[in-house]
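Below: the structure, in structure tokens.
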Amino acid sequence: MRVLVVDDEPLSRRGVCLRLARHADIAWVRECGDGESALALLRDTPVDVAFLDVRMPGISGFDLLDRLPPASRPLAVMLTAYDQYALRAFEAAAVDYLLKPIDDGRFEEALARVRMRLGGAPVVDAAQAAPVRCFTARIGHRDVVVRVDDVEWIEASGDYVGLHVGAKTHLVRQTMQQIEQALDGRRFVRIHRSTIVRLDRVAELEALSNRDCMVRLHDGTLVRASRSYVDGLRAALGL
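Taking our numbering, the leading residue of the sequence shown gets 540, the next gets one more, and so forth.
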């Protein structure tokens with residue numbers, strides 16, 4: 540894919556470019572330090588995806604998208620150190636929204652979303668999808684059926700995903716992304732790149748100084764919600 544990175548901070552641009560360099564499907568990467576030069580490049584050069592800083596002198600990332608005809612806009616991943624722009628990013632139809640300093644796991648998730656969009660994968664509304672009813676965990680020579688209704692929270696565990704049911708943890712050999720896509724988005728929400736919780740098990744949220752949040756479940760379990768996911772969690776809870 541052809542990628543444009545637009546950010547007025549050279550170190551920030553370099554960080555994105557270094558992450559992109561790890562992927563064999565990146566055909567080329569161009570850099571721009573301001574919105575004006577990016578706008579000129581985009582008018583003459585086909586670009587598949589643009590990583591756009593939200594706040595720049597002159598033309599902002601959102602202004603840049605607004606000035607391009609819809610048919611010629613690249614897919615956009617918004618970059619910012621401020622989390623109040625999440626709704627604006629959604630309204631601009633951005634593929635994803637990454638907070639600085641960028642988390643490697645979240646960056647990989649954003650790139651996966653870009654690949655799905657470029658590959659023409661259908662976008663399915665979580666409320667309309669048919670969620671799974673159970674998972675199968677392998678224990679020795681036995682296959683244990685774990686009902687989704689019994690799962691309280693889920694965490695990444697190496698090459699596996701741990702399904703927490705009361706005091707037990709069942710390991711399933713799937714990725715967090717696969718698990719997230721299989722679940723009902725009205726009942727389960729991702730709160731960290733390594734954690735998913737069932738909404739009706741959430742008892743309390745405690746804001747932290749770095750804009751993360753501690754989530755206490757009804758059984759007293761404490762899990763951390765990273766700042767990239769806190770807004771989504773609060774919205775899902777109706778807060």
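Just so it is clear, CB atoms sit at the ideal spot from N, CA and C, and this is done for glycine as well.
The model shown is predicted, which means the values in this text are computed figures rather than measured ones.
In its own chain, which residues sit with a C-beta less than 8 Å from the C-beta of residue i, not counting the 5 before and 5 after it?
i: Val586; result: Arg541, Val542, Leu543, Arg569, Leu580, Pro613
i: Ala649; result: Val616, Val634, Asp635, Leu637
i: Val671; result: Val687, Ala721, Leu722
i: Met595; result: Val545, Asp546, Asp547, Asp573, Gly574
Whose CA, out of the options, lies closest to the CA of residue i?
i: Gln623; options: Val593, Asp605, Leu604; result: Val593
i: Val653; options: Val671, Asp642, Lys639, Ala632; result: Ala632
i: Arg677; options: Gly658, Asp698, Met655, His709; result: His709
i: Asp583; options: Ser696, Ser611, Asp642, Ala651; result: Ser611
i: Arg712; options: Val741, Ala706, Ile693; result: Ile693
i: Ala577; options: Gly759, Arg606, Leu559; result: Arg606
i: Arg645; options: Gly679, Arg558, Glu745; result: Arg558
On the DSSP letters alone, give me the boundaries of the beta strand (DSSP E) that residue i sits inside.
i: Asp635; result: 635 to 638
i: Gly574; result: Here Gly574 belongs to no beta strand (DSSP E); instead the alpha helix (DSSP H) covers 574 to 583.
i: Val616; result: 614 to 619
i: Gly771; result: Note, Gly771: premise wrong, no beta strand (DSSP E); alpha helix (DSSP H) at 766 to 776.
Starting from residue i, follow the alpha helix (DSSP H) in both directions and report where the run begins and ends.
i: Gly554; result: 549 to 559
i: Met655; result: 643 to 657
Report yes or no: is there a C-beta of chain B within less than 7 Å of the C-beta of residue i?
i: Leu578; result: As a matter of chain content, chain B is missing from the structure shown, which is built from one protein chain.
Less than 7 Å between C-beta atoms, sequence neighbours within five positions excluded: which residues of the same chain meet that for residue i?
i: Pro661; result: Residue placement at Pro661 is poorly supported in this model, since its pLDDT is 42, which falls under 50; the coordinates are not used for a value here.
i: Leu747; result: Met753
i: Ser599; result: Gly574, Val593
Leaving out five residues on either side along the sequence, give the residues of the same chain with a beta carbon under 6 Å from the beta carbon of residue i.
i: Asp682; result: Thr675
i: Arg773; result: none
i: Glu745; result: Met753
Is the beta carbon of residue i sitting closer than 7 Å to the one on residue j?
i: Ile718; j: Val700; result: yes
i: Asp546; j: Asp573; result: no
i: Val684; j: Leu702; result: no
i: Gly597; j: Glu630; result: no
i: Leu738; j: Arg750; result: no
i: Phe601; j: Val555; result: no
i: Asp758; j: Ala625; result: no
- Task: Determine, using beta-carbon pairs with one atom in the stretch 725 to 737 and one in the stretch 762 to 777, whether at least three such pairs fall under 8 Å.
- Result: yes
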